[in-house]
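Participant: Going down the list, the sequences are from chains Z and U. Under my numbering, the first sequence has 253 at position 253, and the numbering climbs by one with no breaks. In my numbering, each number is its position in the second sequence, counted from 1, plus 1000. In this text, a Cβ means the ideal position worked out from N, Cα and C, and glycines have one as well.
Number of protein chains: 2
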Amino acid sequence: MNSNPHIAIAGATGAVGQEFLRVLHQRNFPMGKLKLLASARSAGKPVEFNGTTYRVEQLTEDSFKDVDLALFSLDSSISKTFAPIAAGAGALVVDNSSAFRQTKDIPLVVPEVNPEAVQGLAIGQGGIVANPNCSTIIMLVPVTPLHRAAGVRRIVVSTYQAASGAGAKAMAELEQQTREVLDDKPPTCNVFAQQYAFNLFSHDSDIGPDGYNTEEVKMVRETHKIWDDTAVRITATCIRVPVMRAHAESINLEFDQPLNRHQAEEILRDAPGVCIVNDWQNNRFPTPLDATGKDDVLVGRIRDDASQASGNGTRPKNGGGGIDLFVCGDQLRKGAALNAVQIAELLL
Amino acid sequence: MNSNPHIAIAGATGAVGQEFLRVLHQRNFPMGKLKLLASARSAGKPVEFNGTTYRVEQLTEDSFKDVDLALFSLDSSISKTFAPIAAGAGALVVDNSSAFRQTKDIPLVVPEVNPEAVQGLAIGQGGIVANPNCSTIIMLVPVTPLHRAAGVRRIVVSTYQAASGAGAKAMAELEQQTREVLDDKPPTCNVFAQQYAFNLFSHDSDIGPDGYNTEEVKMVRETHKIWDDTAVRITATCIRVPVMRAHAESINLEFDQPLNRHQAEEILRDAPGVCIVNDWQNNRFPTPLDATGKDDVLVGRIRDDASQASGNGTRPKNGGGGIDLFVCGDQLRKGAALNAVQIAELLL
């Protein structure tokens, strides 16, 4: 490895690519040379970073010579081709796509949850680490400490997902459509097949024969891999809402052991990456807008699940009762760029 | 009763009041004289209906002489005063507020669910019927037929609620704020305490000591009353999203008896007030925009809840497995005005 790691950002012109730059800068990540990579279409574009203008270079097989750390935010199919090339050239790749998340021997990491999974890897030595799906990360940061305390048996989660999860073009489309609808013009639908402005819809990923879409399946399978535990039962409903860049999630938890809301709040107060916003008096709880630009996942509406108490208010015989939570996290930061940079920090 | 019922609409200038007029007209509801009532502030305002211009009159104790049917959409505290006055004057009141929903001997009715509850009442004879909360109605129209088939044991519901639930002013505020945010101006917050445009937040109703807000408690208590069954366990998380006038709900159901998604879809296909939108191939499911202006509750994402299947895909020993649904309903129509007019139709 170079004394300060040489860094390549692949997909540098996208929403997550731009966030990689901001996060590296804000966290004073040690940086040697910086290389910005993207498709031929974006090659030559100027990108300002830290007082220097960089020219975006076309991503090719030769892009990764002398690169120690490569942060990837590319389509899954392109990652599949180029991550092994970068790793073969000696770079540690943190890949934000779904290409390698379920690949055996490639760690899938949320630093607050399973940092030990990167053992044996190093910046400047070829390797791949997968960055989980944004909705999975934002759920697991608060849910994992509760799982450790009381054993999560079942999760029912419904998401409220922002435009940024579908990239910068989706964010621009939401803005453009909103202007059009306010001007009584028909909304332009390029990224999404239906109107997004003042509307919401089931996540636009492929749907399997069981009726779950890919986003929902990711939340289940990635949780199982990150926790190294397939016993927890999860059902997810993933919905896109007309919000720019932070996801919200309504999470219902069933536990093996008794855990009440006061204990849950105490655990969450000390949990890394969590900020409690649970002001009942003033009705202030997590919102996507408050989560925007923040590193922490905001957690609120922490309450004992009344549907898991028995009639007389005691816990049911067969378990430990449950907790409801409402959480918000910045999709581009903790849901993507920040988590990837935190993975790299584990290896510094 | 007059040969065609004389009708008063109390709260005629509000979003629901206006919808009452549209629904009465569209359904050819037999109408004698029509009286539009509102607060002193709105008195004298002209309202066009069916080619005639009506003048809004101030709501007073004398407003209900010779009125057979009074449709109320007022603040709960005002309903509490005037509904008994109207009933005392001989009008059948259908009240859209929460004032009487939990009052013993006042029926709380969703016509598709418990039409028998209005027995003994008649238009032109003094009486009060309570119209349930919008989120409750939209949930119960599709969930009740499944309950009858397999016995709903537990419901975990997360809502995506539109501006209209907070009235016409909230809808105007969402539009104004959206324009302001797009123009880089600070958003005007009058109805809500925080930015609504491109944001979402926990429902702005009062929060009880158990952490549930009033909207969530309504969904539980009203379901218990409408089903006449307090055994079903319910936990709700109510969230407002920047959508104009249709609510969405992500509903997870646990059953006493086995019921799979094919059986559920068959039941819902024949269910009154339900329209199935469940096109997996084209990823088209219910949206608030598609539900807008529609009488039916749109139901989709009908799937077997994977978290209730045991490891080998069979149902758990202790029950009948579960179903996930995603539903949308027009808050102003089925969630309010339409349901109230349908109650009146039961009594024609």
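Assuming Leu1347/U and Val1299/U are in contact, meaning their beta carbons sit under 8 Å apart, how far apart are those beta carbons, in whole angstroms?
Facilitator: In the second sequence, counting from the first residue as 1, residue 1347/U sits at position 347. In the second sequence, counting from the first residue as 1, residue 1299/U sits at position 299. In fact, because the Cβ distance is near 28 Å, the residues do not count as touching under 8 Å.
Participant: Establish whether the CB of Glu1173/U and some CB of chain Z are separated by less than 9 Å.
Facilitator: Locating residue 1173/U in the second sequence gives position 173, where the first residue counts as 1. No, Glu1173/U lies away from the interface with chain Z (no Cβ there is under 9 Å from its Cβ).
Participant: Buried or exposed, going by whether 16 or more other CB atoms sit within 10 Å of the CB of Gly313/Z?
Facilitator: Within the first sequence, numbered from 1, the residue matching residue 313/Z stands at position 313. Residue confidence is low: Gly313/Z scores 45 on pLDDT, short of 50, so the model does not pin down where it sits. No coordinate-derived value is stated.
Participant: Run down chain Z in chain order and give the residues with a C-beta less than 7 Å from the C-beta of Met1244/U.
Facilitator: Counting from 1 along the second sequence, the entry for residue 1244/U is found at position 244. Those within 7 Å of Met1244/U in chain Z are Phe198.
Participant: For chain U, check one thing: does any of its Cβ atoms lie closer than 9 Å to the Cβ of Tyr212/Z?
Facilitator: Along the first sequence, read from residue 1 onward, the residue named residue 212/Z stands at position 212. It does: the Cβ of Tyr212/Z has a partner Cβ on chain U nearer than 9 Å.
Participant: Would a C-beta distance cut-off of 9 Å place Ser97/Z and Leu74/Z closer than the cut-off?
Facilitator: The residue you call residue 97/Z lines up with position 97 of the first sequence. The residue you call residue 74/Z lines up with position 74 of the first sequence. Yes, the pair counts as a contact, with Cβ atoms nearer than the cut-off.
Participant: If we ignore side chains and look at the alpha-carbon of each, how far apart do Glu1215/U and Ser1205/U end up?
Facilitator: For the purposes of this step, residue 1215/U is taken as the residue at position 215 of the second sequence. For the purposes of this step, residue 1205/U is taken as the residue at position 205 of the second sequence. Computed Cα separation, rounded: 6 Å.
Participant: Using a Cβ-based criterion (distance less than 8 Å to any ligand heavy atom), does Ala1264/U qualify as near the ligand PLP?
Facilitator: Within the structure as shown, the ligand PLP is missing, as the structure has no ligands at all.
Participant: Taking 9 Å as the CB-CB limit, is Asn252/Z close to chain U?
Facilitator: For the purposes of this step, residue 252/Z is identified with residue 252 of the first sequence, where counting begins at 1. At least one chain U Cβ lies under 9 Å of Asn252/Z.
Participant: In the stretch 1105–1165 of chain U, which residue ranges form an unbroken beta strand (DSSP E) of at least 3 residues, counting only runs that do not cross its ends?
Facilitator: Runs found: 1127–1130 and 1152–1160.
Participant: Using a C-beta cutoff of 9 Å, does Thr1314/U count as contacting chain Z?
Facilitator: The residue labelled residue 1314/U in the question sits at position 314 within the second sequence. The predicted model places Thr1314/U with a pLDDT of 46, which falls under 50 and marks its position as unreliable; any figure quoted below should be read in that light. Answer no: the Cβ-Cβ gap between Thr1314/U and chain Z never drops below 9 Å.
Participant: List, in order along the chain, the chain Z residues whose C-beta lies closer than 9 Å to that of Asp1204/U?
Facilitator: As a working note, residue 1204/U is residue 204 in the second sequence. By Cβ distance, chain Z contributes Asn283.
Participant: Are the stretch 154–164 of chain Z and the stretch 109–129 of chain Z touching by the rule of at least three beta carbon pairs closer than 8 Å?
Facilitator: The answer is no - the stretch 109–129 of chain Z does not touch the stretch 154–164 of chain Z, with fewer than three Cβ pairs under 8 Å.
Participant: Quick one: is Ser1135/U buried, meaning 16 or more other Cβ sit within 10 Å of its Cβ, or exposed?
Facilitator: In the second sequence, counting from the first residue as 1, residue 1135/U sits at position 135. By the neighbour-count rule (16 or more Cβ atoms within 10 Å), Ser1135/U is buried.
Participant: Less than 6 Å between C-beta atoms, sequence neighbours within five positions excluded: which residues of the same chain meet that for Ala1236/U?
Facilitator: Reading the second sequence from its first residue, position 236 is the one you call residue 1236/U. Counting only Cβ-Cβ distances below 6 Å, and skipping sequence neighbours, we find Val1157, Glu1216 and Met1219.
Participant: Along the chain, where does the beta strand (DSSP E) that runs through Lys1035/U open and close?
Facilitator: The residue you call residue 1035/U lines up with position 35 of the second sequence. Per DSSP, Lys1035/U belongs to the beta strand (DSSP E) from Leu1034 to Ala1038.
Participant: For Phe49/Z, collect the residues of the same chain with a Cβ closer than 6 Å to its Cβ; drop the 5 residues on either side in sequence, then sort them by chain order.
Facilitator: If you number the first sequence from 1, residue 49/Z lands on position 49. Once the five neighbours on either side are set aside, the close Cβ partners of Phe49/Z are Leu21.
Participant: To which residues of the same chain is Asp330/Z closer than 7 Å at the C-beta, ignoring the five residues directly before and after it?
Facilitator: On the first sequence, position 330 is the one that residue 330/Z refers to. The residues are Arg245, Ala246, Ala291, Thr292, Gly293 and Lys294.
Participant: Is it right to say Asn1318/U is buried, meaning 16 or more other beta carbons lie within 10 angstroms of its own, or is it exposed?
Facilitator: In the second sequence, residue 1318/U corresponds to position 318, counting from 1. Bear in mind that the predicted position of Asn1318/U carries a pLDDT of just 45, short of 50, making it too unreliable to give a figure here.
Participant: Pairs of beta-carbons, one from the stretch 1063–1074 of chain U and one from the stretch 1023–1042 of chain U, closer than 8 Å: are there three or more?
Facilitator: Touching, per the Cβ criterion.
Participant: How would you label Lys1104/U, buried or exposed, when you count the other beta carbons within 10 angstroms and need 16 or more for buried?
Facilitator: Reading the second sequence from its first residue, position 104 is the one you call residue 1104/U. Classification of Lys1104/U: exposed, given that the 10 Å Cβ count is below 16.
Participant: Interface residues of chain Z around Phe1201/U at Cβ under 8 Å?
Facilitator: Residue 1201/U sits at position 201 when you count from the first residue of the second sequence. Phe285 and Thr287, listed in chain order.
Participant: Are the C-beta of Trp1227/U and some C-beta of chain Z separated by less than 9 Å?
Facilitator: As a working mapping, residue 1227/U is identified with position 227 in the second sequence. Chain Z contact via Cβ: absent.
Participant: DSSP three-state call for Gly300/Z: helix, strand or coil?
Facilitator: On the first sequence, residue 300/Z is found 300 positions in, with the first residue counted as 1. Strand.
Participant: Reducing DSSP to helix, strand and coil, say where Asn252/Z ends up.
Facilitator: Translated into the one-based positions of the first sequence, residue 252/Z becomes position 252. Of the three classes helix, strand and coil, the one that applies to Asn252/Z here is strand, per DSSP.
Participant: Thinking C-beta only, is Leu59/Z closer than 9 Å to Ala15/Z?
Facilitator: Locating residue 15/Z in the first sequence gives position 15, where the first residue counts as 1. Locating residue 59/Z in the first sequence gives position 59, where the first residue counts as 1. Not in contact: Ala15/Z and Leu59/Z (Cβ atoms no closer than 9 Å).
Participant: Taking Cβ positions only, does Lys1317/U come closer than 9 Å to chain Z?
Facilitator: As a first step, residue 1317/U is located in the second sequence; it is residue number 317 there, counting from the start. Here Lys1317/U scores only 46 on pLDDT, less than 50, and its place in the model should not be relied on; the value that follows carries that caveat. No, Lys1317/U does not count as interfacial toward chain Z.
Participant: Would you check if the distance between the CB atom of Tyr1212/U and the CB atom of Arg303/Z is smaller than 9 Å?
Facilitator: Counting from one through the second sequence, the residue named residue 1212/U turns up at place 212. Counting from one through the first sequence, the residue named residue 303/Z turns up at place 303. Yes, the Cβ-Cβ distance between Tyr1212/U and Arg303/Z is below 9 Å.
Participant: Return no unless some Cβ of chain U is closer than 9 Å to the Cβ of Thr351/Z.
Facilitator: Nothing can be reported for residue 351/Z: it is not among the residues displayed for chain Z, which extend from 1 to 348.
Participant: Using the C-alpha atoms, what's the distance from Asp256/Z back to Gly273/Z?
Facilitator: In the first sequence, residue 273/Z corresponds to position 273, counting from 1. In the first sequence, residue 256/Z corresponds to position 256, counting from 1. Between Gly273/Z and Asp256/Z, the C-alpha separation is close to 24 Å.
Participant: Determine the direct distance from the alpha carbon of Ser77/Z to that of Gly311/Z, and round the result to whole angstroms.
Facilitator: In the first sequence, counting from the first residue as 1, residue 311/Z sits at position 311. In the first sequence, counting from the first residue as 1, residue 77/Z sits at position 77. Because Gly311/Z sits at a pLDDT of 46, beneath the cut-off of 50, its placement in the model cannot be relied upon, and the following sentence gives the value as read from the coordinates. In a straight line, the C-alpha of Gly311/Z is about 52 Å away from that of Ser77/Z.
Participant: Which chain U residues are close to Gln195/Z, counting only those with a beta carbon under 7 Å from its beta carbon?
Facilitator: Sequence index remark: in the first sequence, residue 195/Z carries index 195 (1-based). Simply Leu1289.
Participant: Check whether the Cβ atoms of Val1109/U and Ile1343/U lie closer than 9 Å to each other.
Facilitator: As a working note, residue 1109/U is residue 109 in the second sequence. As a working note, residue 1343/U is residue 343 in the second sequence. Result yes, Cβ atoms of Val1109/U and Ile1343/U sit closer than 9 Å.
Participant: Across which residues does DSSP place Asn213/Z in a beta bridge pair?
Facilitator: Numbered from 1 along the first sequence, position 213 holds the residue referred to as residue 213/Z. Ile207/Z, per the DSSP bridge assignment.
Participant: In chain order, what residues of the same chain lie with their CB nearer than 8 Å to the CB of Leu1174/U, ignoring the 5 residues before and after it?
Facilitator: Locating residue 1174/U in the second sequence gives position 174, where the first residue counts as 1. Within the same chain, Leu1174/U has close Cβ partners Ala1163, Tyr1196, Ala1197, Pro1242 and Met1244.
Participant: Would Trp280/Z pass as a contact of Val113/Z if the rule is Cβ separation under 9 Å?
Facilitator: Reading the first sequence from its first residue, position 280 is the one you call residue 280/Z. Reading the first sequence from its first residue, position 113 is the one you call residue 113/Z. Cβ distance not < 9 Å, so Trp280/Z and Val113/Z don't count as in contact.
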